[in-house]
Every structure is written in C-alpha cells, then in structure tokens.
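**Student:**
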Amino acid sequence: MPPRVCVLRAAGTNCDAETAYAFTLVGAQAETVHILRLREQPQRLRAYQVLAIPGGFSYGDDIASGRVLANELRTCLREALLEFIERGGLVIGICNGFQVLVKSGLLPRLDGRCEQQATLTDNRSGVYEDRWVRCRGDPRRCVWIADDQEVELPVAHAEGRFVASEAVLERLEQAGQLCLRYSSDTCHNGSARAVAGICDASGRVFGLMPHPERFLRWENHPRWTREAPRPEGDGVRFFRAAIHTLQ
Amino acid sequence: MPVVRIDVCPLIPAVDQHLLREAALLGLTRITALYRSRYYLLRGALDAATAERLGRELLADPIVERVLLRPPPCPGRRVIEVQRLPGVMDPVEASVIKGASDLGIRLDLVRVGTRVEVAGGSDADLEILAWGALANRAIEEVAIDPAEPIRLREPAGNARQQRLEVPIRHLDDAALLELSRRGCLSLDLEEMRAIQAHYRALGREPTDVELETLAQTWSEHCVHKTLKGLVRYTGPEGEDGPPRTRLIDNLLKSTIASATADIAAPWCWSVFRDNSGVIDFDGAWGVCMKVETHNRPSAIEPYGGANTGLGGVIRDIMGTGIGAKPVCNTDVFCFAPPETADSALPPGVIPPRRLMQGVIAGVRDYGNRMGIPTVNGAVRFDPRYVGNPLVYCGTVGLIPRSCVDKQAQVGDWLVVIGGRTGRDGIHGATFSSAELSERSAQTSGGAVQIGNAIEEKRCLDVLLQCRDAGCFHALTDCGAGGLSSACGEMAAEHGAEIFLERVPLKYAGLSYTEVWISESQERMVAAVPPAKLEQCLAICAAEGVEATAIGRVTDSGRLLLRWHGTVVGELDMRFLHHGLPRRERLAVFTPPLEQPAVFDRPSDLARLLCDLLARPNLASKEWIIRQYDHEVQAGSIVKPLVGAAHDGPSDAAVVAPLLGSQRGLAIACGLNPSYADIDPWHAAAAGIEEALRNLVCVGAPLERVALLDNFSWAKCTDPQVFGALVRACEACAAYARYYGTPFISGKDSLSNEFTWGERVIRIPHTLLISALAVVPDVRRAVTMDLKRPGDLLLLVGLTREELGGSEFLALVGGRGGRVPRVDRALSKPILEAVAQAIAAGCAVAAHDCSEGGLGPALAEMAFAGGWGLTVDLAAVPRAGVDDPLIVLVSESQSRILLEVPPERLAEAQRLLRGLPQAVIGRVEPRPELALRGLGVDCQIPLAALKEAWQRLSRSFAAR
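From first to last, the protein sequence lines stand for chains W and C.
The first sequence lines up with residues 1 to 247 when you count with the numbering used here.
The second sequence lines up with residues 1 to 959 when you count with the numbering used here.
(1) Quick one: list the residues of chain W neighbouring C:His18, beta-carbon separation under 8 Å, in chain order.
(2) Find the nearest neighbour of C:Leu414 within the set C:Leu533, C:Ala691, C:Gly362 and C:Gly481, judged by alpha-carbon distance.
(3) So if I threshold CB-CB distances at 8 Å, which residues from the segment 32-66 of chain C count as touching chain W?
(4) My assumption, with CB atoms under 8 Å, is that C:Pro389 sits in contact with C:Phe335. Please give the rounded CB distance.
(5) If we cut at 8 Å on Cβ distances, does W:Thr225 have a partner in chain C?
(6) Is C:Lys406 helix, strand or coil when you go by DSSP?
(7) How many Å lie between C:Ala771 and C:Ala736 at the Cα?
(8) Hey, out of C:Glu140, C:Lys253, C:Arg401 and C:Asp249, whose CA is closest to C:Ala304's CA?
(9) Distance, Cα to Cα, W:His34 vs W:Cys6?
(10) Determine the chain C residues that contact W:Leu216 at a beta-carbon separation under 7 Å, and present them in chain order.
(11) Are any of the Cβ atoms in chain D nearer than 8 Å to that of W:Thr119?
(12) Among the candidates C:Trp269, C:His577 and C:Arg779, whose CA atom is the shortest distance from the CA of C:Gly1013?
(13) Can you tell me which of C:Gly377, C:Glu924 and C:Gly544 puts its alpha carbon nearest to the alpha carbon of C:Pro640?
(14) Residues of the segment 81-107 of chain C with a CB closer than 7 Å to any CB of chain W: list them in chain order, please.
(15) Counting C-beta neighbours from all protein chains within 10 Å, is the total for C:Ser276 16 or more, i.e. buried, or is it exposed?
(16) So with CB distances below 7 Å, who are the chain C contacts of W:Ala86?
(17) Could you have a look at C:Trp623 and say whether DSSP puts it in helix, strand or coil?
(18) Can you tell me which of C:Met356, C:Val82, C:Val363 and C:Gly323 puts its alpha carbon nearest to the alpha carbon of C:Lys406?
(19) Touching or not, the segment 574-583 of chain C and the segment 917-930 of chain C, by the rule of three or more beta carbon pairs under 8 Å?
(20) Would you give the residue range spanned by the alpha helix (DSSP H) that C:Gly479 belongs to?
(21) What three-state label does DSSP hand C:Ala496 in the structure shown?
(22) Rounding to the nearest angstrom, what Cα-Cα distance links C:Asp647 and C:Asp316 in this structure?
(23) Please determine, among W:Pro108, W:Gly235 and W:Gln99, the residue with the shortest C-alpha to C-alpha distance to W:Arg171.
(24) Under 8 Å, do C:Leu945 and C:Leu613 count as touching if we go by C-beta distance?
(25) Using the C-alpha atoms, what's the distance from C:Glu154 back to C:Ala469?
(26) Within the continuous alpha helix (DSSP H) that includes C:His198, where are the two ends?
(27) Count the other CB atoms within 10 Å of the CB of C:Glu497; is the residue buried (16 or more) or exposed (fewer)?
(28) Count the other CB atoms, across all protein chains shown, that sit within 10 Å of the CB of C:Asp966; report buried if there are 16 or more and exposed otherwise.
(29) Does the distance from the C-beta atom of W:Arg141 to that of W:Cys187 stay below 8 Å?
(30) Could you please tell me which residues of the segment 131-153 of chain W, in chain order, have their CB closer than 9 Å to any CB of chain C?
(31) Taking beta-carbon pairs under 8 Å, can you tell me which members of the segment 69-84 of chain W lie near chain C?
(32) Under a CB-based cut-off of 8 Å, is C:Ser444 close to chain W?
(33) So the beta strand (DSSP E) W:Gln29 belongs to, where does it begin and stop?
(34) For W:Val163, return the contacting residues in chain C, with the cut-off set at a CB-CB distance below 7 Å.
(35) Listing by chain order, which chain C residues have their CB less than 8 Å from the CB of W:Ala64?
(36) Using the rule of at least 16 other Cβ atoms within 10 Å of the residue's Cβ for burial, across every protein chain shown, is C:Asp262 buried or exposed?
Shown next as structure tokens:
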C-alpha cells in the first residue's frame, strides 16, 4: 500500500496540485482535502501518514501571512493534528504552509508547547520576490532532508524572514532543528541565521520557504538550457526522503 | 453595538524607509522620520478582555508586534490616519470576521486603517504626504492629527425602492442628450432617438432600469459599435495601393475576423464568439487566451484599476465555454516616462512613478494570490500616456474539449456564484467608453473598485468542480454592465425572468437598478439545468462560496425584471441586442511622406550603446518581474529572466501546463506605437512579426500559432484617428493571412485621450499583438543567452536604413526616417527556416533584433550569457547601408541572431540557404563586446553595458 498523503486546501491555497503531484512522483498516493471537510470530521486525518500544507495565500494572507489559517488549525483542529503528529505522521508546510505551521505553534513546538515561538515576517527588501536560491540541508534530525548536498530551489514570498529570540534560535541550532539554510550569498530575505526551513524535535514536522514542488523536472531550472541535463529536479529529494522513511 | 479600536504596532519601531523616500520624492525634505502601524475598527460584542484577546491571538504577531487598545501616544510627532471609504472593498475585513469567528468572537463590521507618525514637516507637508504617497481620494479618507479616530460608517444610505418611469417620449433632442449626460448613459443622439421611437411605439415610458440596461448593452465597451459599425474610409488599397473611398460594413468582421475565416485552421475550436478564443492544445485539451485593457480605472486608482483589470480577464477565462482553468498571465503597460517631473503634469494626473508602482502592485497582488504565474509582458513609455496610461492584462487557460460549447436552455436557472453585490463599479461600462479629464477622479470614483483575489480563487475552485459534475449549460463572468450584461447575453436567444431581490447584497439599501448594473467583482453567472441546481448549490456551499438562483431562462423573448413582485423592467430581447442604430463614420488615412532621418551623429559608439540600453523602453524590467510569481503551478520552462545570472531578457515564455507532459505553450507579444506615428500599417506588421520572432527565438514552431489584437486608440470621431485604426486592422488581416496565423480574440479600447480645459493629449495609436504557440516538446526550447566561447554568431535577415520611430532617433532627438517594414518576400521564409534550424538543434541561443536594433541585441545576448562577443559589422547582411552606426541601430525587421556551435554551422546554413544570413561573430571568453569592420574598432566591457541596462530597474528596486 502506498503511503497516503493529505494535501490540505483552504481558501487561497494555490500550490495544492503540484504538491500532490510531487508526492505521486515518489510513489505516494496524494489526495487534496478541503479544510472544511477536515473540520467536519477531524478523524479523517487518521487515514493518512503524511499531511502537507501547500503554498498559496490562505485567506489572502490578510492580517499577516498564514495567520487566519494558523488560527483555524489551532482552534478547530488542534487535537486531531497533535494526535496525528504523536502517532508518527509526517507534516510538511511549504511557503505559506510553513508560515501556517509556525504561527499555529506546530513549529518548532519547543518543550512540546503549542504556542507561537518564532515568526516569518516581511522580507528585508520589503517586497514580494520570486527568485532562485541555493540552500543546504542538515539531515541529522529532519526526515524530509536526504543529505547535506546543496540544492537549488525557487522562493516566492513577501514574508519569509525568519525571526525568533536568540534563546530560541540557539536551542534550535543545538538540536539540529534549523535544518535548511540559505547559502549565505542567497539569503535574500534577511532571515536570522539564514534559516530557510526548520523542523520540530521529532524531525517529522518540517516547514520551509523555498518551493521544492516547483523544481520537479530539470527543465524548471533557470539555467537548464546552459547546463548538463539532470534526470530530475532537486525538489524531488525532499518528498522522496520522507516517503522513503515510511516504506 | 459598540465599536472598538485596536492598534497593532511593531515591538521595535523602525522608520519606514520606503515611505521616507517617497516623501523625499515629493520634495518633503523637512520630514525626518515616518513610522507606520495599523489599526482595526471593530463592531461587535467586544469587552476589553475579549478585544485584548482578539488583538493578541489574531491581529498581532506576538513575536514582532504589540497590541494597544487605544492609539499610542507619540509626543512630538504628528499623525496621519488613512482608511478606505465606506463601501470600498477591503478583503482583510472578511478575513478578520472569519478569524474572529474561529475564536468564537462575533463581529459584524470591520475597517482597517493605516496610521503614520510623522516627525518634522508642516501642516501642508502632511497634507501632501497623505494624498501624494498614502491615500487616493477615489477610495480613501484621511484624518490628520485626529482628535478622535475616523469613525466606522456604514456604506451610505438607502436608495429609492419604488418603480420609477423616466419620461422620454416627449423630449426634444436637447433634452434627450441632457438625459443621456445626466444619467451617465454615454448614448448619443441617434441612439437616444432610437430608444424614444421604441417606447413611442410601445405606448409607454421606459423605467430607469430599462434605460440603464440599454445603455450598458449598447455601450462601446460591450458592443464595440465603432469597430462593428459602418465606415466610409478613404485610404490606400492594401499596403501602398492608390487611395480609394469605400464603405466598410463591420470593420472587425471584414478584416481581422475574415482573415481568420479564410485561414480556416482546423485547430481553431472557438473564435470571436466567447469570452476568449480557444485552439486545440493536444486533442483532449484546448488552450484559450484573452487580453483586456483596464485603462481608465487605472488612471484614477492605479492599484484597484490594475487589480480588477487582471481579475476581470481571469474571469473571462473562467467563463470561457462552461469553464476553463487559468494557467498563466501576461501584462503590458504603457506609461509616461518615470522621470517626468511632477510640475510638468497636467492637473488631476497621478505622477507616472506612483502610477507605475500602483499598477504593478495591483497586478502582483491579484495574480500571485490567484496562483497564476505571470510569465510575459512589456512596458512601453511615451509622454502621451501621461493622463491615460494603458494597462493590458492577459490570461491563458486550459479547457477540456467537451466544455468549449455552451448554450443556455429554456428552463435553466440563472445562478450567480461568488461575491456579493454592492454599490461599487456603477457605470464602469459607460465610464470606460468616455474620455478622461482632469475631473474624472471626482466624477467617476464610483466606477473604481478594489478586487478580492481570494474570493475569485474560491469561486474558481468550485466552478471547475461544478463543470466536471455537469452542472452548467452555460457560464459567463460578470464584467462591464454587471448582471445586466451577463444575464442579458446568456439568455439573448430565449428570454429571462430575474428576481432582483434574490441577489445577495453586501449591505442593504441598494435600488433594483443598482443591483442590476453594479459591477461588483468576483461574480459569475451560470445557466444550470433544473435537475442539477441542488448539486450545483451544494458544491458551492461545501467550500463556503455563495451561489443563488436569481432567475430563469424563459422562451418569452423578453427580459423581465422583478423587484419584490413588481415588474420594474420588461425589454424585448430583439430590441436590446439588435435595436442599436448602426453608425456610419468617416475615416481617412493619408500615407505619410517619408523624410530622410535627420539627427546629430553621436561620436562615441560605446557610449551610444550604453545610452540606448538605459532607455526605459529597452532597460531591464527585473524590478517588476521579480514581484510576480512566475513559477507557481510548476510549469515554468523558459522564464522571463534567463541566463547565467538569471537576469537576461527572455524573448518569450514557455510553460508546460499539464504536469508530467512535455507539451507546452509559448507566449509572446509585440508592440510598436512609435512606428504607428508614421504608419499604423507597418506598426501592425512589425507587432505581429515581433511576436512571431519572439516565439521562434524560444524554439516554438509556427505551425499552430494564434494571435490576439488589442487596439487602444484615441477618439474615433476624428476621421484621421479612425483612419489610422482602419489601416491597422487591414494590416492585421493581411499579415495574419500571410503567416497563416489566425486571430482568435481581441478587444478595442477607444477614446483614450486626456482633456483639460481646451487641451487634449491623445495616446499614440497602440496595438498590442499577443501570440500563443503550441509547443510539442518543451525540452527543445532555447534561450537568448550566449552559451559557450568558440560558438559562432549567425545573423539571419537583412539590415536596411530604417530609423523611423526608432529608439535611436528618440534618444538623439532626431526626426524623420523610414519606418521599418516587414518584407513579405523574406519574413515568413526567415521565420520558418530559423524555426527549423532551432528544431534541428543547430542553435543553442537565439535572440531577435527589436527596439534599439542589432547593437542592443548583441549586448543583451552577451551579458545574459556572461560571455563576450567579437562582431564584424562588415559581415552583416545589408541592403544599401555602409554606415556602422546605422547597422547597429536600424530597426529593420525579420532579423534573428543565432548562436551556432561550429560543428552545426554547415547544417544551419543549409537550412537557411537562399536567405540573407552570415556568420558575423564569435563567442569569446573575454567579457566584452568587440565591434570591428566598416571602420569601427571598439571594445565595450559587458559590465558597462549591463550596468546601463539595469540602472532603471535598480533605481526602482531600491525604493
């Protein structure tokens, strides 16, 4: 039986189709589920091994990016989500999904406390930017990260600057939870410690600003017409690493 | 109910540097610091503790912000507060209400405001800052140092609810015109007389809603009466035949649409009859495209105008057939030069710098939120766009073959899906058919709106589900004219009965006429068979999208409007759709006498090339492109920026819209308004060829290419202006036939002028050509950046002395010159042979020569690839040109540069045999452009060329 993936969709989610497709590429079975269905029957989550919160502008990113959906998860689905995570489920939040995970308190969830401990806020440049960045993973804790090879991925966001107190940053650093960093010259948004993605203490809940689901085929790469061809895009690695741990 | 104010401020206050720079640009140098925060006015059951909780858990980010239940004290600083006028859309409000409800807190009215604390500056400075950088009178209100915050007000007032007749039968001509003017009907005397005659025959007076429905349906915006009317045209026969006077019956049909009919491409599935044109993508799927303008709203409120412009064209795609899925967007803007001094502006005009920023932000916020990549575009500058900028937004969609046809049937329910109806956008269709003036901002504010992209995204999500569940017989968007146009068109063949009181409203108090003609955004109308109504409503309800059956399709041949039981309108469909008197207009085109180009010769070629590249029309648009998501949906293959450092100017976009498939689309555009100043024929030809050249340069074959036309013209009541339009249409038809590339959709926007007092500024005749190609295998695409040293540079095409309308002449302040012509003996053979050479893998880079000519094209290929070039100008295939300056800056058409690996040269030349072509240079490791031959010996560092090309973009990115 292939692992089942729940790709969560809410008003304004817009990367759900390619996120689901990314999971099918690595042998999982992905289904897109609207948040209202999950609110009606939170136990539906039990049918899945993976939960993905895709990119987009949930509820328009009104008030602040991811804020309204984060609150909705926290107030309406908290028990079901914590049960899912405790049971060994994997969670990935990409871009807006990362903002949602952080603002709902599901990431980094230090000391098991489900409250907001960090944030993703306005880029240093003050504007939305679409560009490709290089980043390097730390595979020690996070199941979504295959190895420490540098990868290239696109980012597209206005609020991607990771901010947390020094104490929180230091604890995350020590625990290997700052598991994805921009290579120093491409940290466009001013993130603390060049953070591009973090995971929780279990390593199963992971969020990142770059979009791995937008680099599935080599021809998505901005220099594919001038470099030697590769069999697939770097983004596939994240999905494969996680699904691999389930098989 | 009590109103509570909650302020949200940064924990660590920081000067808003963007705003401070804006203040400096406004000359407000005495302002030394600016701090921005936001506030919420909330009406609902809120005690202090609940308000504090709402602030903490929903409105503020606890890591970087704090919550205050009263405005923060700020001794020594002044305060400006800005909030939207009552009734103006602000999507944040609905999200606050939803977020509060998730916390168990009920709110019924919300307004969000911006608060700015100002250090330094006089009273007058604050006023200038408020209206110059923060607020727009069309949609916002401002309070300076408010003793009390601006209050929370309901959208104003109750409109009359009783049926109203408008006596028209006994009016004389002057009174008819006065009625049209006073009611903003934009109908001329002949049209008013036709309506009068109709009601005289009926023996009754029209009601207000009947008159409004006629005005909307008969507006230039909705029926294109100029392009579809009668024209008595005097002008050359064809490109340069002798002048002749002839009567053209329906310009559109007899030129552009007739060319499409003659080409009779079997892969055209739906042309000129739906919201967009549809062609065959891969047999199972069709691809559709539409480009719209939103010029006038953008002139008055750039953000909202551009925002709703894009929202509108996306709905055109959503409402094609019984529903298509948008896969990418395009945007093309025409502005006055960004450096135009504020003191040089006509009264009532928004400075181009601010206008650009507003337009770009408006497109960005809608497209990005919809999750549709913006993949192609252009920006064109000319001082004549100062009061009347042009904002073109395009959308491409995919549609299953079985969903292309639509036909409402008698008995179907008419269901409005999506947003609610408010008092916004009243008279948009009629407003957009009139010209702009210095008073437009005050008189037409009601026509300006802000979009709510998430409402439209939610709507799209359910529409595709309804479509696939077989719920629709027909579907269309609510655009200009609102429900009146959507329902009127959908039921035109049959008849309809509408219960206006059922339309869901944003707030109470609208009159039935307001409900009927409001252009509130994000609404679609579907014809739903009775057996499917329940399922349709359930699919929408499951995702919280409002859907309401507001009427039915009948077989009465009449449009019956009811309001709480009373019949308030009853219109004969035949009169509504066919009663418009046909206009006969005069049009004249006199071919220009071409003068030799006169200019002061620049002494330094290196300097000249840098200056050309720095011209706003040529310069990098990176600061705009980066603000648009061009990767979402994961189909990006050739991006708008390409090359070693991802910053070179791509000729066209390639996307692979079906995940897992190699089949793709290439999208490009062409736009040459400066050639139209000389002869719109050649501007149209060059626009079409430029779009096709761009497609060829990314490796698209020409076998299946569709074109779209968008005419933005001044007032066609002037026969010369109209003549230029006729001339452009004739050229479009001639070149569409020549290339075998049918037009599948188009739009015209007329009366683009700005008047103040006695003065009039007409925009240049601006024809935007958009081109869409089906690409069998996206892995064959190429990009324009040089790939490796040692490769050869091949130039295909002939260079002539064609400086008319060129960037070079504009740069050096010259005049005259021969306008570039598309040579029909060469153009198509060149494009086809180049496409073949690229398909055969002979070229690893391709770039066309367009604005600025050969010199800028060489520079762009070099700095995009990060490799140098040695070029022998004497080797350039030329016709009567020996001056190296002309070789570098002439804008002759049909020229394409190819980078060819030495081992592929023989094959490339075999494929190009018989055409003007030559190896003119070599790719070099040394990063410079080295020009030799024809007496030139000049080396220009790539860094200098690139710096010049990026200067404008960097200056905007830094703001």
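Even glycine gets a Cβ: it sits at the ideal position worked out from N, Cα and C.
Note that the structure is predicted; figures quoted are calculated from it, not measured.
**Tutor:** According to the structure shown:
(1) Gly126
(2) C:Leu533
(3) Glu57, Leu58, Leu59, Asp61, Pro62, Ile63 and Val64
(4) 5 Å
(5) yes
(6) coil
(7) 11 Å
(8) The question names Ala, yet the displayed sequence has Gly at residue 304 of chain C. Selected option, being the one with the closest Cα: C:Glu140.
(9) 10 Å
(10) Ala634
(11) Judged by its chain identifiers, the structure shown contains no chain D, and its protein chains are W and C.
(12) The question about residue 1013 of chain C has no answer here: the residues shown for chain C are numbered 1 through 959.
(13) C:Gly377
(14) Pro91, Val92, Ser95, Val96, Lys98, Gly99, Asp102 and Leu103
(15) buried
(16) Strictly speaking, residue 86 of chain W in this sequence is Glu, with Ala absent from that position. What W:Glu86 touches in chain C: nothing, since even the nearest Cβ is about 23 Å away.
(17) helix
(18) C:Gly323
(19) no
(20) Here C:Gly479 belongs to no alpha helix (DSSP H), and DSSP marks it neither H nor E.
(21) strand
(22) 32 Å
(23) W:Pro108
(24) yes
(25) 40 Å
(26) Leu189 to Leu202
(27) buried
(28) Past the boundaries of the shown model lies residue 966 of chain C; chain C is included only from 1 to 959, so the question cannot be answered.
(29) no
(30) Arg131 and Trp132
(31) Asn71, Glu72, Thr75 and Cys76
(32) Annotation note: pLDDT 46 at C:Ser444 (below 50); position unreliable, no value reported.
(33) Gln29 to His34
(34) Ile63 and Val64
(35) Asp61
(36) exposed
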